[in-house]
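Residue numbers (the working numbering), protein chains in the order written: chain A, 1 to 235; chain B, 236 to 508.
Ideal Cβ positions, reconstructed from N, Cα and C, are used throughout, including at glycine.
Predicted, not measured: the structure shown is a model, and the values here were computed from it.
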Amino acid sequence: MGDSQYSFSLTTFSPSGKLVQIEHALTAVGSGQTSLGIKAANGVVIATEKKLPSILVDEASVQKIQLLTPNIGVVYSGMGPDFRVLVRKSRKQAEQYHRLYKEPIPVTQLVRETAAVMQEFTQSGGVRPFGVSLLVAGFDDKGPQLYQVDPSGSYFSWKASAMGKNVSNAKAFLEKRYTDDMELDDAVHTAILTLKEGFEGQISGKNIEIGIIGSDKKFRVLAPEEIDDYLREVE
Amino acid sequence: MSKSMVDVPPKGGFSFDLCKRNDMLSRNGVKPPSYRKTGTTIVGMIFQDGVILGADTRATEGPIVCDKNCEKIHYMAPNIYCCGAGTAADTEAVTEMVSSQLQLHRYHTGRESRVVTALTLLKKHLFNYQGHVSAALVLGGVDVTGPHLHTIYPHGSTDTLPFATMGSGSLAAMAVFESEYKEGMTREEGIKLVCDAIQSGIFNDLGSGSNVDVCVITKGQKEYLRNHLLPNPYSYINPKGYGFPKKIEVLLTKITPLREQVHVIEGGEAMEE
Numbered sequence: 001m002g003d004s005q006y007s008f009s010l011t012t013f014s015p016s017g018k019l020v021q022i023e024h025a026l027t028a029v030g031s032g033q034t035s036l037g038i039k040a041a042n043g044v045v046i047a048t049e050k051k052l053p054s055i056l057v058d059e060a061s062v063q064k065i066q067l068l069t070p071n072i073g074v075v076y077s078g079m080g081p082d083f084r085v086l087v088r089k090s091r092k093q094a095e096q097y098h099r100l101y102k103e104p105i106p107v108t109q110l111v112r113e114t115a116a117v118m119q120e121f122t123q124s125g126g127v128r129p130f131g132v133s134l135l136v137a138g139f140d141d142k143g144p145q146l147y148q149v150d151p152s153g154s155y156f157s158w159k160a161s162a163m164g165k166n167v168s169n170a171k172a173f174l175e176k177r178y179t180d181d182m183e184l185d186d187a188v189h190t191a192i193l194t195l196k197e198g199f200e201g202q203i204s205g206k207n208i209e210i211g212i213i214g215s216d217k218k219f220r221v222l223a224p225e226e227i228d229d230y231l232r233e234v235e
Numbered sequence: 236m237s238k239s240m241v242d243v244p245p246k247g248g249f250s251f252d253l254c255k256r257n258d259m260l261s262r263n264g265v266k267p268p269s270y271r272k273t274g275t276t277i278v279g280m281i282f283q284d285g286v287i288l289g290a291d292t293r294a295t296e297g298p299i300v301c302d303k304n305c306e307k308i309h310y311m312a313p314n315i316y317c318c319g320a321g322t323a324a325d326t327e328a329v330t331e332m333v334s335s336q337l338q339l340h341r342y343h344t345g346r347e348s349r350v351v352t353a354l355t356l357l358k359k360h361l362f363n364y365q366g367h368v369s370a371a372l373v374l375g376g377v378d379v380t381g382p383h384l385h386t387i388y389p390h391g392s393t394d395t396l397p398f399a400t401m402g403s404g405s406l407a408a409m410a411v412f413e414s415e416y417k418e419g420m421t422r423e424e425g426i427k428l429v430c431d432a433i434q435s436g437i438f439n440d441l442g443s444g445s446n447v448d449v450c451v452i453t454k455g456q457k458e459y460l461r462n463h464l465l466p467n468p469y470s471y472i473n474p475k476g477y478g479f480p481k482k483i484e485v486l487l488t489k490i491t492p493l494r495e496q497v498h499v500i501e502g503g504e505a506m507e508e
């Protein structure tokens, strides 16, 4: 890469105007397991592959989709440990917001604060950017919302998005299938079909994870049995 | 936000820089402002299915009643509540802070909070401030290990008891408990005993008054009975009615009914946040 001379320090721009470390971080995300999110008319669904390194790993102990507040959930593509750190920070920020303003944090505010944390690590000495992109799904007074946050700290609101290994195929599939008046159940089916597209091996409730939030404003991760039910409906 | 790698805890504690100035002012006759205390009678007891907490609702600023219906039973976790006596601001701030910490702990562990966790977080904080945070608490709840009831003193010491009272009305309430309490009471007996104890504080202690709040916590369920008893109703109706003194001639009588108040009903529960 011609910019390699400028890739030693995070805080140095390359001649082409890029921060090379962030490009590398995005590459790390692009080689992570596929995850996607779809915003329906009455809720949001986020899903991810859960490919474990060996059959000996206890898959019940691995939870890739996490709760940030009762009405906001998050999934990632990229480095798991970086994700854990961000989840911890975000939960604390949500609690501090609640302590200060006595209202549950709106989705946009939490996304903004998490993105600010990620941006800090691109402009400080001695640290590296987070190697994760997040998909934040929430339901508040403004309705269902889906945000993607990148390692650079930029965030976008999406109707449907995918990240990780199979991103171009997944996004093409979503573009074809997405409709504005989708219901939450349809969105779950579409999410499963999108994951199935690029899945190597037999898809089952044990090697994918799905989180949904509906008009009850309570985020929850589906149990493997519920995922199996949806899989049967899809077939 | 700091840009350092390591999370340095913020420099907390009180700043005692103005103590000398305050000393000088009081020597020269300037009285310090009095703060709002919850004179208070707060009680808690363990019954056969769990824990019952009770409190009065009077808040005082010296000799003045500043709030006739304040809430002294604070939410800590879905299965843990805490009554607070002492300086109202201190009890509010401390219980909210620990409630927030318990919520974060629940996210990280995925488990229901335990009463001893709340107890330890509270006593650590109060001990750190060496009694300057004037909060005397009765903490009660039901978790996986069973029902628990604790008292916490402003300096950070704690007791674990089957029944407890705190506040200026604690002696009046304790007298009722000592004579009537028995192990394994039913819900109705327990609520009646708690109400009797609080009323004893309301009528015999100047720092306590107004209404009785009760909170019943059992395994998997809690009932917050706000203003369960109102033994001091507001009855300021002048029996003679209102009119002008006899010498005044009434020229015109016009009655304008006030606009109806709009009731905003928010979705969700009021207590749990």
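Integer Cβ distance of residue i from residue j, believed to fall under 8 Å
{"i": "B/Val396", "j": "B/Leu372", "result": "What sits at residue 396 of chain B in the sequence shown is Leu, not Val. Not a contact, Cβ separation roughly 13 Å."}
{"i": "A/Asn42", "j": "A/Gly211", "result": "About 16 Å; that fails the 8 Å criterion."}
{"i": "A/Gln66", "j": "A/Val74", "result": "6 Å"}
{"i": "B/Gly425", "j": "B/Thr276", "result": "Contact flag wrong, Cβ pair sits at about 17 Å."}
{"i": "A/Ser35", "j": "A/Thr48", "result": "4 Å"}
{"i": "B/Arg293", "j": "B/Ser445", "result": "5 Å"}
{"i": "A/Ala137", "j": "A/Ile46", "result": "5 Å"}
{"i": "B/Ala370", "j": "B/Gly319", "result": "6 Å"}
{"i": "A/Glu113", "j": "A/Gln93", "result": "5 Å"}
{"i": "B/Arg422", "j": "B/Phe282", "result": "7 Å"}
Partner residues on chain B for residue i, Cβ-Cβ distance less than 8 Å
{"i": "A/Glu95", "result": "Ser335, Gln338, Leu339"}
Contacts of residue i in chain B (Cβ-Cβ under 7 Å)
{"i": "A/Lys92", "result": "Leu339"}
{"i": "A/Arg99", "result": "Glu331, Ser335"}
{"i": "A/Leu67", "result": "Tyr342"}
In DSSP terms, what residue i is bridged to
{"i": "B/Gly279", "result": "B/Leu288, B/Ala399"}
{"i": "B/Gly457", "result": "It is Lys, not Gly, that sits at residue 457 of chain B in the sequence shown. The partner list for B/Lys457 (beta bridge, DSSP) reads B/Ile452."}
{"i": "A/Ser157", "result": "A/Tyr147"}
{"i": "A/Ala40", "result": "A/Gly43"}
{"i": "A/Ser54", "result": "Beta-bridge pairing links A/Ser54 to no other residue."}
{"i": "B/Val497", "result": "According to DSSP, B/Val497 bridges with nothing at all."}
{"i": "A/Gln66", "result": "A/Val74"}
{"i": "A/Met163", "result": "A/Ser35"}
{"i": "B/Ala407", "result": "Partner(s): none; B/Ala407 has no beta bridge."}
{"i": "B/Ala294", "result": "B/Asp302"}
N-terminal and C-terminal residue of the alpha helix (DSSP H) that residue i is part of
{"i": "B/Phe362", "result": "350-363"}
{"i": "A/Gly30", "result": "20-30"}
{"i": "A/Thr114", "result": "107-120"}
{"i": "A/Ile227", "result": "224-234"}
{"i": "B/Asp252", "result": "Unbroken run through B/Asp252: none, as it is neither H nor E."}
{"i": "B/Leu384", "result": "Here B/Leu384 belongs to no alpha helix (DSSP H); instead the beta strand (DSSP E) covers 381-387."}
{"i": "B/Glu418", "result": "Premise fails: B/Glu418 is in no alpha helix (DSSP H) and is neither H nor E."}
Residue i - containing beta strand (DSSP E), residue span
{"i": "A/Tyr76", "result": "72-78"}
{"i": "B/Gly321", "result": "315-322"}
{"i": "B/Ile299", "result": "299-302"}
{"i": "A/Lys176", "result": "That residue, A/Lys176, is in no beta strand (DSSP E); its alpha helix (DSSP H) goes 167-177."}
{"i": "A/Asp180", "result": "No beta strand (DSSP E) holds A/Asp180; DSSP gives it neither H nor E."}
{"i": "B/Gly436", "result": "Looking at the DSSP string, B/Gly436 is not in any beta strand (DSSP E); the run it does join, the alpha helix (DSSP H), is 422-439."}
{"i": "A/Ser133", "result": "132-140"}
{"i": "B/Val373", "result": "370-378"}
{"i": "B/Tyr310", "result": "308-312"}
{"i": "A/Ala60", "result": "Here A/Ala60 belongs to no beta strand (DSSP E), and DSSP marks it neither H nor E."}
{"i": "A/Gly211", "result": "208-213"}
Residue i versus the options, residue with shortest Cα-Cα distance
{"i": "A/Lys18", "options": "A/Ala40, A/Leu231, A/Thr122, A/Glu59", "result": "A/Thr122"}
{"i": "B/Leu441", "options": "B/Gln283, B/Thr421, B/Met409, B/Asp291", "result": "B/Asp291"}
{"i": "B/Lys359", "options": "B/Pro313, B/Ser392, B/Arg341", "result": "B/Ser392"}
{"i": "B/Gly455", "options": "B/Glu347, B/Leu374, B/Ser335, B/Val368", "result": "B/Glu347"}
{"i": "A/Val111", "options": "A/Ile227, A/Tyr147, A/Met163, A/Val234", "result": "A/Tyr147"}
{"i": "B/His340", "options": "A/Gln119, A/Leu68, A/Gly80", "result": "A/Leu68"}
{"i": "B/Ala399", "options": "B/His390, B/Pro389, B/Ala410", "result": "B/Ala410"}
{"i": "A/Ala40", "options": "A/Glu233, A/Ile192, A/Ala160", "result": "A/Ala160"}
{"i": "A/Pro106", "options": "A/Asp140, A/Gly205, A/Ala116", "result": "A/Asp140"}
{"i": "B/Thr344", "options": "A/Ser61, A/Leu195, A/Gly37", "result": "A/Ser61"}
{"i": "B/His390", "options": "B/Val368, B/Gly375, B/Val379", "result": "B/Val368"}
{"i": "B/Asp448", "options": "B/Asp394, B/Glu296, B/Cys317", "result": "B/Cys317"}
{"i": "B/Val300", "options": "B/Gly279, B/Ser443, B/Ile490, B/Thr491", "result": "B/Ser443"}
{"i": "A/Ser90", "options": "A/Leu231, A/Ser54, A/Val149", "result": "A/Val149"}
{"i": "A/Tyr230", "options": "A/Asp82, A/Glu197, A/Ala191", "result": "A/Ala191"}
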